[in-house]
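Some notes on the structure that comes next.
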Ligand code: AGP
């Protein structure tokens with residue numbers, strides 16, 4: 244009903260707007276003033292976590308994209324090898340699992356059959372399963388060894404938005420917690436990341452306040468057939484997520500690529516006036532990545548692409564190559580998906596609406612997929 248949408252035209256718009264609070268709620272109470280994480284709710288004993296020699300993330304759709312980003316954080320902060328796999332593929336390849344494998348199953352609904360079957364398979368092989376879930380008491384957390392709940396609140400729109408951002412926060416917390424327990428990350432370093440994470444709610448709010456040009460752009464592209472998305476590092480899963488949102492809401496052909504792969508094939512798709520969204524990593528820190536993506540943007544623009552560039556404030560190097568420039572607040576590279584995804588959600592929602600689509604109930608889709 245209209246009342247449930249609190250004045251928004253759709254649940255999706257309401258849920259996009261709720262993201263600053265959802266992100267803050269997921270952090271709440273999980274870290275103390277000294278930067279120590281207290282995840283008592285993760286009932287896997289520290290002794291077991293210290294023995295873990297491999298992390299495997301399983302999930303579907305948007306939750307899978309959160310898992311792809313989690314891999315960067317887990318490997319960087321803990322030095323434990325991490326694999327990410329589509330839950331629907333996982334058990335059919337006879338994966339190598341044992342008591343020292345930690346499987347992280349990410350699911351908003353907690354009822355996704357593919358993810359449930361993957362975690363059952365993992366537990367049969369002796370692996371421990373930690374669920375990251377948004378729905379209290381649902382099947383996936385009930386069948387897992389432990390659960391870290393995301394506190395996004397109920398997500399009604401079929402397209403996942405606030406659940407995704409909170410899945411990312413939960414993944415970062417799990418990575419830091421593993422680092423804390425295993426001694427690869429120390430209090431002050433964890434404190435630094437937690438401080439950065441605490442600033443994200445405000446950064447997302449700031450992004451939301453600057454979306455009018457993105458909505459205008461989306462409306463102007465409503466007649467297009469294809470939109471491509473490019474990113475590197477954690478920007479690659481963000482590109483995949485931007486493309487998924489556009490497919491499911493706007494029913495458009497949309498694809499995400501790792502920018503470095505362009506020259507291995509996809510660049511042949513570039514033609515005059517094709518919209519290409521590029522997620523640009525921070526020029527600070529890993530500046531090699533930044534320089535590489537700037538040359539990717541030049542390459543596609545030279546072939547006629549209409550470049551839509553998501554870049555952090557103060558990144559002037561990229562500006563001359565952007566036909567449309569979308570600014571996001573500066574964040575550490577690993578955390579950038581929390582701000583860079585938001586304009587892509589708004590873009591897909593507005594474009595779908597301009598095409599006359601019902602954004603909360605896209606055709607052929609259900610909110611949770613309870614069949615394999
Ligand atoms: C996201 O916009 C999709 N509707 C879909 O990909 C979803 O993320 C996927 O089905 C997984 O759902 P879950 O998080 O409830 O397990």
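Residue numbers (the UniProt record's numbering): 244 to 615.
For every residue, glycine included, the Cβ atom is placed at its ideal position computed from N, Cα and C.
Q. Closest to residue 614 by CA distance: which of 468, 359, 318 is it?
A. One-based indexing of the chain shown puts residue 614 at position 371. Comparing Cα positions, the closest option is 359.
Q) Where residue 309 and residue 454 are concerned, what is the direct C-alpha to C-alpha distance, given to the nearest angstrom? A) Position 66 of the chain shown, counted from the start, is the residue given in the question as residue 309. Position 211 of the chain shown, counted from the start, is the residue given in the question as residue 454. The alpha-carbon atoms of residue 309 and residue 454 are separated by roughly 23 Å.
**Q.** Integer Cβ distance of residue 350 from residue 395, believed to fall under 8 Å
**A.** Numbered from 1 along the chain shown, position 107 holds the residue referred to as residue 350. Numbered from 1 along the chain shown, position 152 holds the residue referred to as residue 395. At roughly 12 Å, the Cβ-Cβ gap does not stay under 8 Å, so residue 350 and residue 395 are not in contact.
Q) Going by the C-beta, is residue 588 closer than 6 Å to any heavy atom of ligand 1? A) For the purposes of this step, residue 588 is taken as the residue at position 345 of the chain shown. No - ligand 1 has no heavy atom lying nearer than 6 Å to the Cβ of residue 588.
Q: Could you check how far apart the C-beta atoms of residue 527 and residue 502 are, in whole angstroms? I think they sit under 8 Å.
A: One-based indexing of the chain shown puts residue 527 at position 284. One-based indexing of the chain shown puts residue 502 at position 259. Not really, about 19 Å apart at Cβ, beyond 8 Å.
Q.
Cutting at 7 Å between CB atoms, please list the residues of its own chain near residue 275, excluding the five before and the five after it.
A. Residue 275 sits at position 32 when you count from the first residue of the chain shown. Counting only Cβ-Cβ distances below 7 Å, and skipping sequence neighbours, we find 281.
Q) Using CA coordinates, which residue listed in 516, 421, 390 is at the minimum distance from residue 372? A) Translated into the one-based positions of the chain shown, residue 372 becomes position 129. It is 390 whose Cα lies nearest to the Cα of residue 372.
**Q.** Uninterrupted beta strand (DSSP E) stretches inside the UniProt domain "SIS" (460 to 605) (no shorter than 3 residues)
**A.** 469 to 474, 496 to 501, 518 to 522, 549 to 555, 567 to 571
(Q) According to DSSP, simplified to helix, strand and coil, what is residue 297? (A) Residue mapping note: residue 297 aligns to position 54 of the chain shown, counting from 1. Here residue 297 sits in strand by DSSP.
Q. Whose C-beta lies closer than 7 Å to the C-beta of residue 588 among residues of the same chain, with five residues either side of it excluded?
A. Working through the chain shown from its first residue, we reach residue 588 at position 345. Excluding positions up to five away in sequence, the list reads 259, 404, 488.
Q.
Among 424, 591, 250, whose alpha-carbon lies nearest the alpha-carbon of residue 457?
A. As a position in the chain shown, residue 457 is number 214, starting the count at 1. Per the Cα distances, 591.
(Q) Suppose you measure from the CA of residue 327 to the CA of residue 299; what does that come to, to the nearest Å? (A) Against the chain shown, residue 327 aligns to sequence position 84. Against the chain shown, residue 299 aligns to sequence position 56. So the alpha carbons of these two residues sit roughly 6 Å apart.
Q: Please list the segments of the alpha helix (DSSP H) lying wholly inside the region 345 to 371, counting only runs of 4 or more residues, in order along the chain.
A: 356 to 367
Q) Comparing the CB of residue 325 with every heavy atom of ligand 1, is any distance shorter than 6 Å? A) Counting from 1 along the chain shown, the entry for residue 325 is found at position 82. It does not: the Cβ of residue 325 is nowhere closer than 6 Å to a heavy atom of ligand 1.
Q.
Tell me the residue span of the beta strand (DSSP E) that contains residue 251.
A. Numbered from 1 along the chain shown, position 8 holds the residue referred to as residue 251. It is not in any beta strand (DSSP E) - residue 251 carries neither H nor E in the DSSP assignment.
Q) Taking just the CA atoms, how far does residue 340 sit from residue 368? A) What you label residue 368 is simply residue 125 of the chain shown in a count that begins at 1. What you label residue 340 is simply residue 97 of the chain shown in a count that begins at 1. Spanning the two alpha carbons is a distance of roughly 6 Å.
Q) Smallest Cα separation from residue 571: which of 410, 278, 443, 490? A) Here residue 571 corresponds to residue number 328 of the chain shown, with the count starting at 1. That would be 443, whose Cα lies nearest to the Cα of residue 571.
Q) Given residue 365, which residues of its chain have a CB within under 6 Å of its CB, disregarding the five upstream and five downstream residues? A) The count along the chain shown starts at 1 and reaches residue 365 at position 122. Within the same chain, residue 365 has close Cβ partners 340, 346, 372.
Q | residue 477 vs residue 580 beta-carbon contact at 7 Å | A | As a working note, residue 477 is residue 234 in the chain shown. As a working note, residue 580 is residue 337 in the chain shown. Yes, they are a contact pair.
Q | Beta-bridge pairing of residue 373 - partner residues as DSSP gives them | A | Position 130 of the chain shown, counting from 1, holds the residue named residue 373. In the DSSP output, where bridge partners are listed per residue, residue 373 has 347, 389.
Q: Tell me, please, which residues DSSP counts as bridged to residue 326.
A: As a first step, residue 326 must be located in the chain shown, where it is residue number 83. Answer by DSSP bridge pairing, in chain order: 299.
Q: May I ask you to verify whether the region 410 to 417 touches the region 594 to 601, counting CB pairs closer than 8 Å and requiring at least 3?
A: no
Q: Kindly indicate which residue of 421, 543, 433 has the alpha-carbon position closest to the one of residue 289.
A: Position 46 of the chain shown, counting from 1, holds the residue named residue 289. When only C-alpha atoms are compared, the closest one is 421.
Q: State the Cα-Cα distance for the pair residue 370 and residue 392, rounded to the nearest angstrom.
A: Your numbering for residue 370 matches position 127 in the chain shown. Your numbering for residue 392 matches position 149 in the chain shown. Going from the Cα of residue 370 to the Cα of residue 392 covers about 20 Å.
Q: Report whether the distance from the Cβ of residue 303 to the nearest heavy atom of ligand 1 is below 6 Å.
A: In the chain shown, the residue the question calls residue 303 occupies position 60. True, at least one ligand heavy atom lies under 6 Å from that Cβ.
Q | Cβ neighbour criterion (16 or more within 10 Å) applied to residue 555 | A | To locate residue 555, count along the chain shown from 1; it is residue 312. When all chains shown are included, residue 555 counts as buried.
Q) How about residue 412 and residue 582: are their beta carbons less than 7 Å apart? A) Numbered from 1 along the chain shown, position 169 holds the residue referred to as residue 412. Numbered from 1 along the chain shown, position 339 holds the residue referred to as residue 582. Contact flag unset, no.
(Q) In whole angstroms, give me the CA-to-CA distance for residue 603 and residue 400. (A) Within the chain shown, residue 603 is the residue found at index 360, counting from 1. Within the chain shown, residue 400 is the residue found at index 157, counting from 1. Roughly 5 Å between the two C-alpha positions.
Q | C-alpha gap between residue 446 and residue 408, whole angstroms | A | In the chain shown, counting from the first residue as 1, residue 446 sits at position 203. In the chain shown, counting from the first residue as 1, residue 408 sits at position 165. About 13 Å.
(Q) What does DSSP give as the partner residue(s) for residue 280 in the beta ladder? (A) On the chain shown, position 37 is the one that residue 280 refers to. DSSP output for residue 280 lists 274 as bridge partner(s).
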